[in-house]
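With my numbering applied, the sequence shown covers 91 to 452.
Virtual Cβ for every residue (Gly too), placed ideally from N, Cα, C.
Read through the structure below, which is laid out as structure tokens, and then see the notes.
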Amino acid sequence: MPRKGENIYKRRDGRWEGRYKTGYNEHGKAKYHSLYGHSYTEVKEKLLTMKTAPAAIATASCNMTVKELFEEWMSAVKLRVKSSTFANYTMKVKKHILPAFGGLRYDILTVQMIHSFIDDKLNEGLSPKYVSDVIIVFKVMAKYTSKIHGYRNILADVIMPKYIKEEKPLLTLIQQRKLCKYLFSNLNPTTLCLLLSYYTGLRVGEVCGLMWDDIDFEKDVLTVRRTVQRINNGSHGTQLIIDTPKSRSSQRSIPIPTFLMKLLRESRSNNSHYILSNSDRIIEPRTLQRRFQTILKKAGLPSVNYHCLRHMFATNSLQAGFDVKTLSEILGHSSVETTLNRYVHSSMERKRACMELIKITA
Numbered sequence: 091m092p093r094k095g096e097n098i099y100k101r102r103d104g105r106w107e108g109r110y111k112t113g114y115n116e117h118g119k120a121k122y123h124s125l126y127g128h129s130y131t132e133v134k135e136k137l138l139t140m141k142t143a144p145a146a147i148a149t150a151s152c153n154m155t156v157k158e159l160f161e162e163w164m165s166a167v168k169l170r171v172k173s174s175t176f177a178n179y180t181m182k183v184k185k186h187i188l189p190a191f192g193g194l195r196y197d198i199l200t201v202q203m204i205h206s207f208i209d210d211k212l213n214e215g216l217s218p219k220y221v222s223d224v225i226i227v228f229k230v231m232a233k234y235t236s237k238i239h240g241y242r243n244i245l246a247d248v249i250m251p252k253y254i255k256e257e258k259p260l261l262t263l264i265q266q267r268k269l270c271k272y273l274f275s276n277l278n279p280t281t282l283c284l285l286l287s288y289y290t291g292l293r294v295g296e297v298c299g300l301m302w303d304d305i306d307f308e309k310d311v312l313t314v315r316r317t318v319q320r321i322n323n324g325s326h327g328t329q330l331i332i333d334t335p336k337s338r339s340s341q342r343s344i345p346i347p348t349f350l351m352k353l354l355r356e357s358r359s360n361n362s363h364y365i366l367s368n369s370d371r372i373i374e375p376r377t378l379q380r381r382f383q384t385i386l387k388k389a390g391l392p393s394v395n396y397h398c399l400r401h402m403f404a405t406n407s408l409q410a411g412f413d414v415k416t417l418s419e420i421l422g423h424s425s426v427e428t429t430l431n432r433y434v435h436s437s438m439e440r441k442r443a444c445m446e447l448i449k450i451t452a
């Protein structure tokens, strides 16, 4: 049990909090920092560690600004992530984090300051999901500085903005049949690639990077070897990059259904050509996305984003009897949980069919 003077108490949320003195402000008033844990003993041990740690650890962070720490972290992380991921980090840091905190010493940041930053971004109209992504980048940097320099992880106790994951609108089964009928009736490199996404779950960047040489016409297998993305180049512009897929699981081989192989054989061209352009010219994802919207309009269908083709493949496959492990590998996911949580949607028809399985017990 806590003793008087220890500055340890139990919070309403069930956690334990301990406070220790970090110094004094310009008015001579003591400044404190809080540590948290799931038990009294855990917090007491943390307090003891902080009180007995060398003074250099407590003051070293005073020598570095948020901007300097981000520059150091980004130099280190650049060696370990894809260029598209690094560009994403760079944009969030330069556009949001550094304008608010870049010139400040890292050690003067508080949880309250970060929470105010979150509120400001939400009031600017940014979505809770996007703001969460920005804070995640900040948290990763803070974790790095804590590990490398021993600085206090200020972001550890930041409460992330709550957001409700919106279910993406998909085409109904009738609308999907209408789309496929249009694609089969108007076969060309673009509609062929749309059929590949619909029947294999390929991402838009993977389809844009697909070459005829990636199709094994003897084994009827498609191999995903590259992806195409447009990323920020760090100088207020963008650039188109061709890279290997983001993860090892994304570099995968997919068996192709017989009816789709027939179309591929009939359309086959030079092995060094991209399937989408039928030439050595790259067509970027946003161009294919625009073409998809045009086709939806011509087919008399509502507008949905390109990624919905992947969603519909995953949902339809599961309902057709795919086991989740196989589906997860075809989609290029690292875990089956990602497949179930992110892409599999249960239709009202499926829910009704399941509910009809319930029998009267009386």
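Along the stretch 335 to 410, the beta strand (DSSP E) occurs as fully enclosed runs of 3 or more residues at 343 to 345, listed in sequence order. In the structure shown, G295 falls within a helical segment according to DSSP collapsed to helix, strand and coil. Where V183 is concerned, there is no enclosing alpha helix (DSSP H), because DSSP gives it neither an H nor an E.
Fully enclosed alpha helix (DSSP H) runs of no fewer than 4 residues occupy 188 to 191, 201 to 213, 218 to 239 of the stretch 182 to 265, in order along the chain. Around the CB of C444, fewer than 16 other CB atoms lie within 10 Å, so the residue is classed as exposed. Counting along the chain, K100 sits inside the beta strand (DSSP E) bounded by residues 98 to 100. For I420, the enclosing alpha helix (DSSP H) begins and ends at 414 to 421. The secondary-structure analysis by DSSP pairs Y126 across a beta bridge with E107.
Per DSSP, reduced to three states, the secondary structure at T451 is coil, with no helix or strand assignment. When DSSP states are grouped into helix, strand and coil, V167 belongs to the helix group. Residue state for L330 is assigned as strand, using DSSP reduced to three classes. Across the set S173, L292, N153, W106, the C-alpha of L292 shows the shortest separation from the C-alpha of L417. The criterion of a C-beta distance shorter than 8 Å is not satisfied by P375 and Q329. Taking C-beta separations shorter than 7 Å and ignoring five residues to either side along the sequence, the partners of F228 in its chain run I187, L245, following chain order. Looking at the backbone, the Cα of Q266 and that of Y220 are separated by about 30 Å.
Residue range 279 to 290 is occupied by the alpha helix (DSSP H) that includes L286.
Inclusion of K172 and K336 in the CB contact set at 8 Å is warranted, their separation being smaller than that value.
Excluding its 5 nearest sequence neighbours in each direction, L273 has C-beta neighbours in its own chain below 6 Å: T281, L284, L285, listed in chain order. Remark: three or more beta-carbon pairs, one from each stretch, lie closer than 8 Å, so the stretch 210 to 224 and the stretch 248 to 266 are flagged as touching. Cα atoms of S174 and D310: separation of roughly 31 Å, rounded to the nearest angstrom. With contacts defined by Cβ atoms closer than 8 Å, D304 and R315 form a contacting pair. For V426, the secondary structure class from DSSP, reduced to helix, strand or coil, is helix.
In this structure, the beta-carbon distance from L366 to C298 falls below 8 Å. In this structure, H128 places its C-beta atom within 8 Å of the C-beta atom of W106.
Across the structure, L261 and G390 are spaced so that their CA atoms are roughly 12 Å apart. If you look at R320, you'll find it in the beta strand (DSSP E) that goes 317 to 322. When C-alpha distances from M402 are compared across I264, V133, M351, L353, the shortest belongs to I264. In the three-state DSSP reduction, V311 falls in the strand class (E or B). The three-state secondary structure of M301, taken from DSSP, is strand. Taking the CA atoms as reference points, A410 sits about 16 Å from L421. Just so you know, the alpha carbons of Y122 and R442 end up roughly 57 Å apart. The beta carbon of C398 sits closer than 8 Å to the beta carbons of K258, P259, L260, L261 from its chain, once the five residues preceding and following it are set aside; these are given in chain order. In this model, L194 and K136 are separated by some 27 Å (Cα to Cα).
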